[in-house]
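Q: Take this structure first; my questions come after.
Numbering (full-length UniProt numbering), first residue to last: 1 to 300.
See below:
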């Protein structure tokens, strides 16, 4: 529970932030439409609360103290968040509900977003709020209403709908391949294996399932997201091991090619999850129904 004794007012934070920009109580007061004494009093009360001086006068000019400089970083974060939250709420009408959906970044951009076309027309009073998350844990903390994730089966406390599985293919830019056709997949190690942080054993398993071993399966630059791997492969940085459904567009356009014709089926799948207690919430039910209607992935 928050201790209100140590919570400064928004007005005090605004006064402090304005003074740091102008280094003048007078000019800060003019900006905030307050008196100079009111601004000075707010800052003084803030210093008393913090038990640190935030400003000092040097040659009749204001300067931030080290403590003030440190506090300014946090205050700006707070004021920015308050402003964003206010705009966020103002953007919705009185009848609008917000549906918060978390999704892995590349999956959301490549698979989910194209399937949201028309959502607003059918559900004009449900405003989608998409955020980038890798796990559905946010559901149980109340930070999201639904979550897409990649894994095995349902998570405790949630209901999970399996969408589709995937297969991983080795892809690269057309001009990355040598003129002579490859005779052994281990030759790909000479082209640089692009590693993905979320699938650290991907290349090792890809070689192993074909009956090959190489000491280079874990070597190569590591990227946080599949999107980074796609771009790195596309510009010729090396060979990426990627879910085929994420690169169908690049393969069709010839921006990427299959480097070795073996597709490794994954043991995991993509799921849409929501808290058990939300199963009958109308906005959640509507979104689940929409996803079932638009789940046309080739590996479903």
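Glycine included, every Cβ here is placed at the ideal spot set by N, Cα and C.
Only counting the same chain, and skipping five residues up and downstream in sequence, which positions put a Cβ closer than 8 Å to that of residue 279?
A: Within the chain shown, numbered from 1, the residue matching residue 279 stands at position 279. If we look at residue 279 and ignore the five residues flanking it on each side, its Cβ neighbours are 159 and 285.
Q: How far does the beta strand (DSSP E) with residue 279 in it extend, from its first residue to its last?
A: Translated into the one-based positions of the chain shown, residue 279 becomes position 279. In the DSSP annotation of this structure, residue 279 is not part of any beta strand (DSSP E), being labelled neither H nor E.
Q: Between the beta-carbon of residue 164 and the beta-carbon of residue 269, is there less than 8 Å?
A: Indexing the chain shown from 1 puts residue 164 at position 164. Indexing the chain shown from 1 puts residue 269 at position 269. Closer than 8 Å, so yes.
Q: Hey, could you find the ends of the beta strand (DSSP E) residue 151 is sitting in?
A: Residue mapping note: residue 151 aligns to position 151 of the chain shown, counting from 1. From DSSP, the beta strand (DSSP E) with residue 151 extends over 146-151.
Q: Who are the near neighbours of residue 299 in its chain, counting only those whose CB is closer than 7 Å to its CB and skipping five residues on each side?
A: Mapped onto the chain shown, residue 299 falls at position 299. Below a pLDDT of 50, predicted positions are generally treated as unreliable, and residue 299, at 37, falls in that range; the measurement from the model is reported next regardless. Cβ neighbours of residue 299 beyond the five flanking positions: 164, 165, 166, 167 and 245.
Q: When burial is assigned at 16 or more other CB atoms within 10 Å of the CB, is residue 133 buried or exposed?
A: Within the chain shown, the letter at position 133 stands for residue 133. So residue 133 ends up on the buried side.
Q: Tell me whether residue 117 sits in a helix, a strand or coil according to DSSP, three-state version.
A: Here residue 117 corresponds to residue number 117 of the chain shown, with the count starting at 1. Three-state result, residue 117: coil.
Q: Residue ranges of each beta strand (DSSP E) run of no fewer than 3 residues wholly in the stretch 10-65, ordered along the chain?
A: 55-58 and 61-64
Q: Is it buried or exposed, residue 33, if we count other Cβ atoms within 10 angstroms and call 16 or more buried?
A: Translated into positions along the chain shown, residue 33 becomes position 33. Per the 10 Å Cβ criterion, exposed.
Q: Quick check on the DSSP output: the alpha helix (DSSP H) that includes residue 233 runs from which residue to which?
A: Counting from one through the chain shown, the residue named residue 233 turns up at place 233. 226-234 is the extent of the alpha helix (DSSP H) around residue 233.
Q: Could you pull the start and end residues of the beta strand (DSSP E) that residue 130 belongs to?
A: Counted from its first residue, the chain shown places residue 130 at position 130. 126-132 is the span of the beta strand (DSSP E), which, as asked, contains residue 130.
Q: Nearest-angstrom Cα distance between residue 84 and residue 78?
A: Numbered from its first residue, the chain shown carries residue 84 at position 84. Numbered from its first residue, the chain shown carries residue 78 at position 78. Using only the alpha carbons, I get a separation of about 10 Å.
Q: Out of 151, 109, 176 and 42, which one is the CA nearest neighbour of residue 131?
A: Taking the chain shown and counting its residues from 1, the one referred to as residue 131 is at position 131. For the residues 151, 109, 176 and 42, the minimum Cα distance to residue 131 belongs to 109.
Q: Identify, in the order they occur along the chain, each residue of the same chain with its Cβ nearer than 7 Å to the Cβ of residue 105, setting aside the five sequence neighbours on each side.
A: Position 105 of the chain shown, counted from the first residue, corresponds to residue 105. Excluding residues within five positions, the ones whose Cβ falls inside 7 Å are 132, 225 and 227.
Q: Determine the direct distance from the alpha carbon of residue 173 to that of residue 257, and round the result to whole angstroms.
A: The residue given as residue 257 occupies position 257 in the chain shown. The residue given as residue 173 occupies position 173 in the chain shown. Using only the alpha carbons, I get a separation of about 6 Å.
Q: State the DSSP-derived secondary structure class of residue 187, mapped to helix, strand or coil.
A: Here residue 187 corresponds to residue number 187 of the chain shown, with the count starting at 1. Three-state DSSP puts residue 187 in a helix.
Q: Please state whether the Cβ-Cβ distance between residue 304 and residue 236 is less than 8 Å.
A: This structure does not reach residue 304, given that the chain is present from 1 up to 300, and the question cannot be answered.
Q: Where do the ends of the beta strand (DSSP E) carrying residue 206 lie?
A: Here the question's residue 206 lines up with position 206 in the chain shown. Per DSSP, residue 206 belongs to no beta strand (DSSP E); it is in the alpha helix (DSSP H), 202-208.
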